[in-house]
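Undergrad: Have a look at this one before I ask anything.
Residue numbers (the numbering used here): 156 to 727.
Spelled out as structure tokens, the structure:
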């Protein structure tokens, strides 16, 4: 009897030819249900986009990590001091700075003044919060040596966002490599050769910050990456400061809501003992490095989901969401397994103190479970940003971290008195709630409705398909007399982080209202609408100059107040 044959396109014929005789239409259908269509291509596109983002963030943080490692081998007090010194800087996350680079430069440099005012009084603030006096003193020494690096840190963040908005990634990786090489060499020389202690580590960090900032600036100039976006200094940089801060401040707060929780936790643990604080320092450093992968995957997911929804492709958005969550789950299990396996030796990277190393090994299993849920939460947050629901995510973050996490941590630390492990148990409960809520929300999401909302926000108008005289192949998009729309999977990360899906590109007086991709079924086209000419750019008036002068005066006054407080408290 002639063996049964199957159509080649279903893959059964090839499978049987390869010796997989158990393949049937039913088993193939089951496999297709478990592995979504185009899954591996989606994975490839996700990783291509996420890889440089992960590497860039990792290289930026490695400078601080190396400082902690060098200082940790000086002693447990030094390790605890660096932890609290880094915690005082917080986060400055500036977004969408491509065409407003001048304005951003002025505003961000003005931010240095109030930051310096606070940082020069770190010791007094820590003593007021009942931190260890020796740790407080050494933290102030580290901060004082690192203060000159503050403009470089801010400007480097500005440079990175500027290039990311143009989808230029690899120069950022190169600058990070250079900064880390300089940091390692400087730490070794200043600590092991000149024996300058924690102050030497801060100077090494400062040198590294300036080296990568200057390198990236020279790279931008040398490769002429600024030509298309820099038209010389203009008085327009004094305009629209409100719109800039209205984007920067909420974006900063979204990230800081979570970040500040861990910093507050570090200060709370500092009330217990130097050993507990040193353990928290190590776990915190490990947690940041481990989170770089879900952070990059989440950012890439926000890009892809926002891109697909802006194009009206709900199915692609849903598929990108599922792919990012699956990849994040796989990577988090791998990272968690590595940390669980190495928990008994991990502490030796940072210190030689056996008490600290043993305590790190004891806390690590709790952190591994925490990481699994935190990673999934990070990926879900990226999807929510792509959908445009960052407000929902920020509110839920605030409620979970400050309504559940911090109160529970305080109870476990000071009532149950179980030490540093209590903080991570509290954080585990917090991210479990977040992960459950986020995944449930995404699972129940109406993607078609989300696509329509995204297009409505972007001003996309769906027109009925024109009656074509022939049934030939349909065009995937209409030629436009304006710059081309962003291609799929190259959407600007900054906009995706803001949840600004299907972004509107201005080309003189024309709004390009969407991205067109090839779809099956009846053709659709997007309307290119003329908009009324906007009013002329407001002139830089004397009143505006006066207001900007007040902003400068306020920044300088904040620094003067900080210096005055320092002098008064030092005199006492």
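Just so you know, even glycine gets a beta-carbon here, dropped at the ideal spot from N, CA and C. In this text, all values refer to a predicted model and were calculated from it rather than measured experimentally.
Please go through the same chain and pick out, in chain order, the residues whose beta-carbon is closer than 8 Å to the beta-carbon of residue 303, but skip the five residues on each side of it.
TA: 361
Undergrad: Let me know if residue 284 comes out buried or exposed under the rule of 16 or more other beta-carbons within 10 Å of its beta-carbon.
TA: Within 10 angstroms of the beta-carbon of residue 284 lie fewer than 16 other beta-carbons, which makes it exposed.
Undergrad: Under the three-state reduction of DSSP, which class applies to residue 349: helix, strand or coil?
TA: coil
Undergrad: Quick check: what's the CA-CA separation for residue 380 versus residue 540?
TA: Roughly 28 Å separates the two Cα atoms.
Undergrad: If we count Cβ pairs, one from each stretch, closer than 8 Å, do we get three or more for the stretch 273 to 290 versus the stretch 715 to 727?
TA: Verdict: yes, contact present.
Undergrad: Starting from residue 297, trace the alpha helix (DSSP H) in both directions and tell me its first and last residue.
TA: 288 to 301
Undergrad: Take every Cβ of the stretch 567 to 582, pair it with every Cβ of the stretch 468 to 484, and state whether three or more of those distances are shorter than 8 Å.
TA: no
Undergrad: Candidates 499, 473 and 495: which alpha carbon is nearest residue 535's?
TA: 473
Undergrad: What distance in whole Å lies between the Cβ atoms of residue 449 and residue 324, which are believed to be in contact at a cut-off of 8 Å?
TA: Going by Cβ atoms, the distance from residue 324 to residue 449 rounds to 18 Å, so no, they are not a contact pair.
Undergrad: Relative to the C-alpha of residue 457, which candidate in 557, 495, 371 and 205 has its C-alpha closest?
TA: 205
Undergrad: According to DSSP, is residue 162 part of a helix, a strand, or is it coil?
TA: Low confidence applies here, because residue 162 scores a pLDDT of 45, under 50, leaving its location unreliable; read the following figure in that light. Coil.
Undergrad: Using alpha carbons as the reference points, say which of 357, 412, 707 and 345 lies closest to residue 546.
TA: Comparing Cα positions, the closest option is 412.
Undergrad: Given 8 Å as the limit, is there contact between the stretch 462 to 473 and the stretch 421 to 432, that is, 3 or more CB pairs closer than that?
TA: no
Undergrad: Answer yes if the stretch 490 to 509 comes into contact with the stretch 552 to 566, meaning at least three C-beta pairs across the two stretches below 8 Å, and no otherwise.
TA: For the pair of segments examined, the stretch 552 to 566 was found not to touch the stretch 490 to 509: the number of CB pairs separated by less than 8 Å stays below three.
Undergrad: Just mark residue 338 as buried or exposed, buried being the case when its beta carbon has 16 or more other beta carbons within 10 Å.
TA: Counting Cβ neighbours within 10 Å, residue 338 comes out buried, since at least 16 surround it.
Undergrad: Return the residue from the list 259, 280, 218 and 372 that minimises the CA-CA distance to residue 301.
TA: 218
Undergrad: Do residue 201 and residue 459 have their C-beta atoms within less than 8 Å of each other?
TA: yes
Undergrad: What ranges does the alpha helix (DSSP H) occupy inside the stretch 547 to 613, keeping only unbroken runs of at least 4 residues that lie completely in it?
TA: Here the runs fully enclosed are 561 to 569, 575 to 598 and 602 to 613.
Undergrad: Apart from the five residues just before and just after residue 333, which ones in its own chain have a Cβ nearer than 8 Å to its Cβ?
TA: 366, 367 and 370
Undergrad: Could you tell me the distance, in whole angstroms, from the CA atom of residue 335 to the CA atom of residue 442?
TA: 19 Å
Undergrad: Quick check on DSSP: helix, strand or coil for residue 305?
TA: helix
Undergrad: Does residue 312 pass the burial test, meaning 16 or more other C-beta atoms within 10 Å, or should it be called exposed?
TA: buried
Undergrad: Which value, in whole angstroms, describes the spacing of the CA atoms of residue 331 and residue 214?
TA: Their backbone Cα atoms lie some 5 Å apart in a straight line.
Undergrad: Please report how far the alpha carbon of residue 196 lies from the alpha carbon of residue 513, in whole angstroms.
TA: 44 Å
Undergrad: Closest to residue 555 by CA distance: which of 282, 711 and 592 is it?
TA: Answer by Cα proximity: 592.
Undergrad: Would you check if the distance between the CB atom of residue 281 and the CB atom of residue 260 is smaller than 8 Å?
TA: no
Undergrad: Determine whether the beta carbon atoms of residue 198 and residue 478 lie at a separation below 8 Å.
TA: yes
Undergrad: State the CB to CB distance for the pair residue 518 and residue 438, rounded to an integer number of angstroms; the pair is presumed to be in contact (CB under 8 Å).
TA: 6 Å
Undergrad: Taking the alpha-carbon of residue 124 as reference, which of 296, 292, 316 and 216 has the nearest alpha-carbon?
TA: Outside the shown range of the chain (156 to 727) lies residue 124, about which nothing can therefore be said.
Undergrad: Which residues bound the alpha helix (DSSP H) around residue 776?
TA: Any question about residue 776 goes unanswered here, given that the chain covers just 156 to 727.
Undergrad: Tell me which same chain residues have a C-beta within less than 8 Å of the C-beta of residue 583, skipping the five on either side of it?
TA: 521, 524, 525 and 528
Undergrad: First and last residue of the alpha helix (DSSP H) that includes residue 333?
TA: 325 to 342
Undergrad: Would you identify the three-state DSSP class for residue 712, choosing helix, strand or coil?
TA: In the structure shown, residue 712 sits in a helix (DSSP, three-state: H, G or I).
Undergrad: Helix, strand or coil, according to DSSP, for residue 395 in the structure here?
TA: coil
Undergrad: Where do the ends of the alpha helix (DSSP H) carrying residue 496 lie?
TA: 469 to 496
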